[in-house]
Amino acid sequence: MRLELKEIKKSFDGKEILHGISFSVESGKALGLLGRNGAGKTTTIRIIMDVFHADSGEVLMDGSKFHYQPGDIGYLPEERGLYPKRVIGEQLVYLGMLRGLNKKQAVSNMKKWLERLDVSEYENRKLDTLSKGNQQKVQLAATLVSDPEIVILDEPFSGLDPVNAQILKDVITELIQEGKIVIFSSHQMSYVEEFCEEIVIINHGEAVLTGDLEKIKMSYGEGRKVVSANNYTLPELADKLSSELSDMLHVVNTNKHSVIFEMEKGYDQWQILEKMKQLDIDVKSFGIYEPSLNDIFVSKVGEEEADK
Amino acid sequence: MKNVKNVLRFELGNYFGSKSWIISTILIALLCVVIMFFPRVLAGFRNDDEENSSETVSEEDMSTYAFYDAAGVMDMELLSEYYSDVKITVCEQEDEVRNLVDSQEAELGFVVTSPTSYDYYVYNKEMFADYQTRFQEYLATLVKYSYCEKNNLNPEEFFALDSVNITANENILGKDSSQNYWYCYILVIIVFMVIVMYGTIIATGVANEKGNRSIEIMVTSTSSTSLLFGKVFAGAIATLFQVGLIALSLLGSYQLNKEYWGEGISMFFDIPTGVLIAFAVFGLGGFLLYAFLYGALGALVSKVEDLNKSAGTAQMLVTIVYILVLVQLTNIDGILMKILSFLPISSYSAMFARVAMGSVETWEVVVSAILLYASVIGMGFLGGKIFRNSTLRYGNPIKLSNALKDLKKK
Chain Z
1081 MRLELKEIKK SFDGKEILHG ISFSVESGKA LGLLGRNGAG KTTTIRIIMD VFHADSGEVL
1141 MDGSKFHYQP GDIGYLPEER GLYPKRVIGE QLVYLGMLRG LNKKQAVSNM KKWLERLDVS
1201 EYENRKLDTL SKGNQQKVQL AATLVSDPEI VILDEPFSGL DPVNAQILKD VITELIQEGK
1261 IVIFSSHQMS YVEEFCEEIV IINHGEAVLT GDLEKIKMSY GEGRKVVSAN NYTLPELADK
1321 LSSELSDMLH VVNTNKHSVI FEMEKGYDQW QILEKMKQLD IDVKSFGIYE PSLNDIFVSK
1381 VGEEEADK
Chain F
1105 MKNVKNVLRF ELGNYFGSKS WIISTILIAL LCVVIMFFPR VLAGFRNDDE ENSSETVSEE
1165 DMSTYAFYDA AGVMDMELLS EYYSDVKITV CEQEDEVRNL VDSQEAELGF VVTSPTSYDY
1225 YVYNKEMFAD YQTRFQEYLA TLVKYSYCEK NNLNPEEFFA LDSVNITANE NILGKDSSQN
1285 YWYCYILVII VFMVIVMYGT IIATGVANEK GNRSIEIMVT STSSTSLLFG KVFAGAIATL
1345 FQVGLIALSL LGSYQLNKEY WGEGISMFFD IPTGVLIAFA VFGLGGFLLY AFLYGALGAL
1405 VSKVEDLNKS AGTAQMLVTI VYILVLVQLT NIDGILMKIL SFLPISSYSA MFARVAMGSV
1465 ETWEVVVSAI LLYASVIGMG FLGGKIFRNS TLRYGNPIKL SNALKDLKKK
């Protein structure tokens, strides 16, 4: 299965919020849907789920128009919401039946997911008697109760302790292995890097970066190196390189552990290392720069902001 | 729409799963039964008391009336016959009568100033009490005796002629408005209360779902029309159960105790079956119509605190209809009542009132019912669309006019 969005545009009260969003995701893969607050991620998700109609553009499934059916997509919204005063098991069965399951299947799925998420003991409890973390897991069970083929998770790790976060990681990994389409929206980039092969960065209603995460990382790291030294702090090292080696390289940035630089044409890494030795720079580490998703996100969104 | 049944079943749990709702329903029904049985219980005590000490107690319980004959026309023997159940105190002057009443030693005081005029005193006048009829009859009898004496007539023959009994058998071929007025009045109030009370419950439920964000899960799990229809039908079933149980307790226990209540309240409870059916059909239609409106209005706000701002539209409409119908009950066949009985927003109240009290053709009832239920369906789908467009819009309450404009844009 391949879910594809093509040139989606949407306006509210005359103001265009989405300016032609396009991306696609396939079965057995997770897509990271990234963007700052108010970038248009939730509106995009709601258009996929037919809560809002796009003004123009298409949502396609395997090349044909996608007709949303509630059982097709399991959606965990960022703003969690179930009935606080109703019994958990009853709510999950209800949601399962609304999404097309018969009662027997709904009961069976409810039990399966509560057990898988380690909250089966709360089946007969009211939701508001549970801790925030357990409520979060119940919410995830509600998302998955109909065994949907597409799973959209908006900030799924918010409020979870490390143990519960691990359970959720395992579940997401299983969903991907089972061939589900997973769309993963989060500001916690480490989780996105962990699960997603592809990413879309939305900024001000535009998809400013889409594609394979590894390739994006490679393209962002291309020609760039990292270096650190035992006898200089990172800012001192950056200043030293900028002043003494300006003909051979230019410093791009510093991250937590290294100074990032790009080599000028005509020089290679060995010449630069030799020059550093002559300058008494005690090199601690030297290598190829592999940007984190966070670096890419900040860099890309920052560029866009600067352009505007 | 296939999920209406699932939503309905789940929403019913909000009512029947609530202990406070069940307990309050049962308590109100029991209270109705207790009230209706009260005269029977009271009569039982009275019978026992009468058997044990009827004479002494009745002497003590007698009221005292004070009389002063300023005109010198009163016949005390005749007065005793007229007031056999009252202690009579004869006074020497008007002030004495006044003081006895003022100190509440006498319940009433009469000062006869001429054969055909008198003053009377009472401490606190009750709203519907009749203090004068018996005394006026007494004075009239004195005047008649005096006339007979002056004209040499036989008083027995005169009084026999004066009090000829005329027998009349009433045959009402249409409706008895004097009898039907009061229960109609009560039913109009009941349907108004039910619509406002349960409409607000439905609107609050929707606003709560929006407030706790469960609405986002719901609208992505089924159609908004299914949600709204399920919620409204659940509200209707809960209302029928609650109001039905209370009405059944009230009417059922009244029937069992009818003889103890006398004629006083029969005007409220002796409701013909046809009127009850009309009330049920039109009352239910009106309830559903407004419940859909209330449900949609509930979706226009983000917080329950803002509900008054949006639900005020429905509240005002129901109140205007309520006042107009109540005022027009005394002019049941007037043109305004005829118009109100065909408008779906008011026919739920006006048409059953016309059925109970006015002249109404069968076709009129049928046309009005069709219009009402067609509007219910229309309002259901319109409400569903407003619900869908409004549920995920947060912030300031959305005006109904803006919500309707947004529908046109789609």
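Chains Z and F are the protein sequences, given in the same order. So the first sequence is numbered by our numbering: it starts at 1081 and just counts up by one. So the second sequence is numbered by our numbering: it starts at 1105 and just counts up by one. Built from N, CA and C at the ideal position, the CB exists for glycine as well.
Under a criterion of Cβ atoms nearer than 7 Å, the residues of chain F adjacent to Z/Met-1177 are, in order, Asn-1110. Segment contact: the region 1250-1265 of chain Z against the region 1289-1298 of chain Z, fewer than three CB-CB distances shorter than 8 Å; contact not assigned.
Here F/Asn-1500 carries a coil assignment [DSSP, helix/strand/coil]. In this structure, DSSP gives F/Arg-1317 a state outside helix and strand, which the three-state scheme calls coil. Contact between F/Cys-1288 and F/Ala-1454 does not hold, since the beta-carbon distance rounds to 11 Å and is not under 8 Å. The alpha-carbon separation between Z/Glu-1138 and Z/Arg-1126 amounts to approximately 13 Å. The beta-carbon separation of F/Leu-1204 and F/Tyr-1242, rounded to 19 Å, does not stay under the 8 Å limit for a contact.
A distance below 6 Å between beta-carbons, with the five flanking residues on each side excluded, links F/Trp-1365 to the following residues of its chain, in chain order: Pro-1143.
Interface with chain F (7 Å Cβ-Cβ cutoff): Z/Pro-1228 is excluded. Taking a contact as a CB-CB distance under 8 Å, the pair Z/Val-1251 and Z/Leu-1197 counts as one, their CB atoms being some 7 Å apart. Burial state of Z/Tyr-1271 is buried, judged by a 10 Å Cβ sphere holding 16 or more other Cβ atoms.
Cβ-Cβ distances below 6 Å link F/Tyr-1227 to Val-1205 and Gln-1208 in the same chain, with the five nearest sequence neighbours on each side left out; the list follows chain order. Restricting attention to beta strand (DSSP E) runs no shorter than 3 residues, the region 1149-1218 of chain F encloses them at 1167-1173, 1190-1194 and 1212-1218, ordered along the chain. F/Val-1336 is outside the set of residues whose beta carbon lies under 7 Å from a beta carbon in chain Z. Any Cβ of chain Z closer than 7 Å to the Cβ of F/Glu-1115 would place that residue at the interface, and such an atom is absent. Under DSSP, Z/Met-1141 shares a beta bridge with Z/Leu-1083 and Z/Ser-1144. Here the region 1281-1297 of chain F does not lie against the region 1179-1189 of chain Z, with fewer than 3 beta-carbon pairs under 8 Å apart. For the region 1220-1297 of chain Z, the full-length alpha helix (DSSP H) segments reaching 4 residues or more read 1242-1257 and 1269-1275 along the chain. The beta carbon of Z/Ile-1296 sits closer than 8 Å to those of Ile-1279, Leu-1289 and Ile-1376, all from its chain and outside the five residues before and after it, given in chain order. Proximity of F/Ile-1321 to chain Z, defined by a Cβ-Cβ separation below 7 Å, is satisfied. Residues of the region 1215-1241 of chain Z with a C-beta atom less than 8 Å from some C-beta of chain F are Ala-1222, listed in chain order. In the DSSP annotation of this structure, the continuous segment of the beta strand (DSSP E) that includes F/Ser-1221 starts and ends at 1221-1226.
Between F/Ser-1406 and F/Tyr-1498 a beta carbon distance of about 5 Å is seen, short of the 8 Å cut, so the two are scored as contacting. Taking the Cα positions, Z/Val-1307 is about 37 Å away from Z/Ser-1104. When C-alpha distances from Z/Trp-1350 are compared across Z/Asp-1227, Z/Arg-1160 and Z/Lys-1305, the shortest belongs to Z/Lys-1305. Take F/Ile-1375, set aside five residues on each side of it, and the residues of its chain with a beta-carbon closer than 7 Å to its own are Tyr-1287, in chain order. Taking 8 Å as the upper bound on Cβ-Cβ separation, chain Z lies near no residue of the region 1425-1444 of chain F. Less than 7 Å divides the Cβ of Z/Asp-1135 from the Cβ of Z/Lys-1090. Of the residues assessed, Z/Tyr-1202 falls on the buried side of the cut-off, its CB having 16 or more other CB atoms within 10 angstroms. Partner residues in the beta bridge of Z/Arg-1304, as assigned by DSSP, are Z/Glu-1342. The count of Cβ pairs closer than 8 Å, one atom from the region 1125-1142 of chain F and one from the region 1355-1364 of chain F, reaches three, so the stretches are in contact.
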